[in-house]
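At position 225 of the sequence shown the residue is numbered 312 (the working numbering), and the sequence of numbers has no breaks. In this text, a Cβ means the ideal position worked out from N, Cα and C, and glycines have one as well. Everything on this sheet refers to the single structure shown next.
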Amino acid sequence: MSERDRLDRLLVTRGLAPSRARAADAIRRGAVTVDGRVVTKPGAAVAADAAITIEDAAAGYVSRAALKLIAALDHFDIPVKDAVALDVGASTGGFTQVLLERGAAQVFAVDVGGGQLADVLRDDRRVVALEGVNARELSAEVIPQPVDVITADVSFISLRKALPAALELARPGAWLAALIKPQFEAGPEQVGKGGIVRDEQVRERVCAEVAGWLEDRGWLVAGVIPSPIAGADGNVEYLIGALEARGTRP
């Protein structure tokens, strides 16, 4: 009888995934087949000699978050080519990588943490890595060029607290694509066990609140769409697109 091992571990062993976490994510999203059958449990015991295939749209990116920004850029038709972009909450660089892929001339990758940005992005001459920088303290001294595109994927803080300084750096007609994470926008009494916001009405309300907040600051909200993939904790997330319109409104 063939030896057996966890499916997520086998993916890493065979070089099909860079880490157990990425392997588990791909498995849960139904991107992995074992002997021709889709398996969605990372801990599934699989024969060591089983035929395993992975068809994962996120495989070529440093983070699965790339799929979220791709969805927003495509849905809202946000132009990125030759743009100066500001990526708030860059982390490993999933959003930054997509911006470069779409032709951004320069990306300021901002994150309050340090040492997370993937080396392939850190070494790219178009990327300005601003690690250890609090987005709430951004200024023209830190970002000396007017910004054409702002992206945001932040955790443990509301967009309404993380974005004000970044929005002030936007040139007229700039675009924003931001990930709304209801668990960080809703009140603590509305967040359930495991940090999950299960009430759809609460999720819809926080999306409307973020949209209204942007409108109050002169941004024209193009819409809100569900993220194509859930958060790492299983939370339903949303993507909001908005156009800087302060100079175009009466």
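Neighbourhood of Ile316 by C-beta, 7 Å cutoff - its chain only, sequence neighbours within 5 removed: Counting from one through the sequence shown, the residue named residue 316 turns up at place 229. Once the five neighbours on either side are set aside, the close Cβ partners of Ile316 are Arg116, Arg151, Leu154 and Lys155.
Contact set for Gly130: own chain, Cβ-Cβ below 8 Å, skip 5 residues either direction: Working through the sequence shown from its first residue, we reach residue 130 at position 43. Closer than 8 Å at Cβ, skipping near neighbours: Arg93, Leu94 and Asp95.
Buried/exposed call for Phe271, threshold 16 Cβ in 10 Å: Counting from one through the sequence shown, the residue named residue 271 turns up at place 184. By the 10 Å Cβ count, Phe271 comes out buried.
Opening and closing residue of the alpha helix (DSSP H) in which Val289 lies: As a working note, residue 289 is residue 202 in the sequence shown. Unbroken alpha helix (DSSP H) run through Val289: Glu287 to Asp303.
Integer-rounded CB distance, given that Val194 should sit under 8 Å from Arg212: Working through the sequence shown from its first residue, we reach residue 212 at position 125. Working through the sequence shown from its first residue, we reach residue 194 at position 107. Contact doesn't hold; Cβ gap of about 11 Å is too wide.
Status (buried if at least 16 other CB within 10 Å, exposed otherwise) for Thr140: Against the sequence shown, residue 140 aligns to sequence position 53. Exposed, because fewer than 16 other Cβ atoms sit within 10 Å of the Cβ of Thr140.
Of the listed residues Ala110, Ala118 and Glu90, nearest to Val99 (C-alpha basis): The sequence position of residue 99 within the sequence shown is 12, counting from 1. Nearest option by C-alpha distance: Ala110.
Cβ-Cβ distance between Ala113 and Asp143 below 8 Å: Taking the sequence shown and counting its residues from 1, the one referred to as residue 113 is at position 26. Taking the sequence shown and counting its residues from 1, the one referred to as residue 143 is at position 56. Yes. Within cutoff.
Beta-carbon proximity of Ala253 to Gly328, cut-off 8 Å: Position 166 of the sequence shown, counting from 1, holds the residue named residue 253. Position 241 of the sequence shown, counting from 1, holds the residue named residue 328. The answer is no: Cβ separation not under 8 Å.
Where Ile283 sits in the DSSP three-state scheme: Reading the sequence shown from its first residue, position 196 is the one you call residue 283. DSSP places Ile283 in coil when its eight states are reduced to three.
Asp92: first and last residue of the uninterrupted beta strand (DSSP E) it sits in: As a position in the sequence shown, residue 92 is number 5, starting the count at 1. Asp92 -> beta strand (DSSP E) spans Arg91 to Arg93.
Element boundaries [beta strand (DSSP E), containing Leu330]: As a first step, residue 330 must be located in the sequence shown, where it is residue number 243. First-last of the beta strand (DSSP E) with Leu330: Tyr325 to Glu331.
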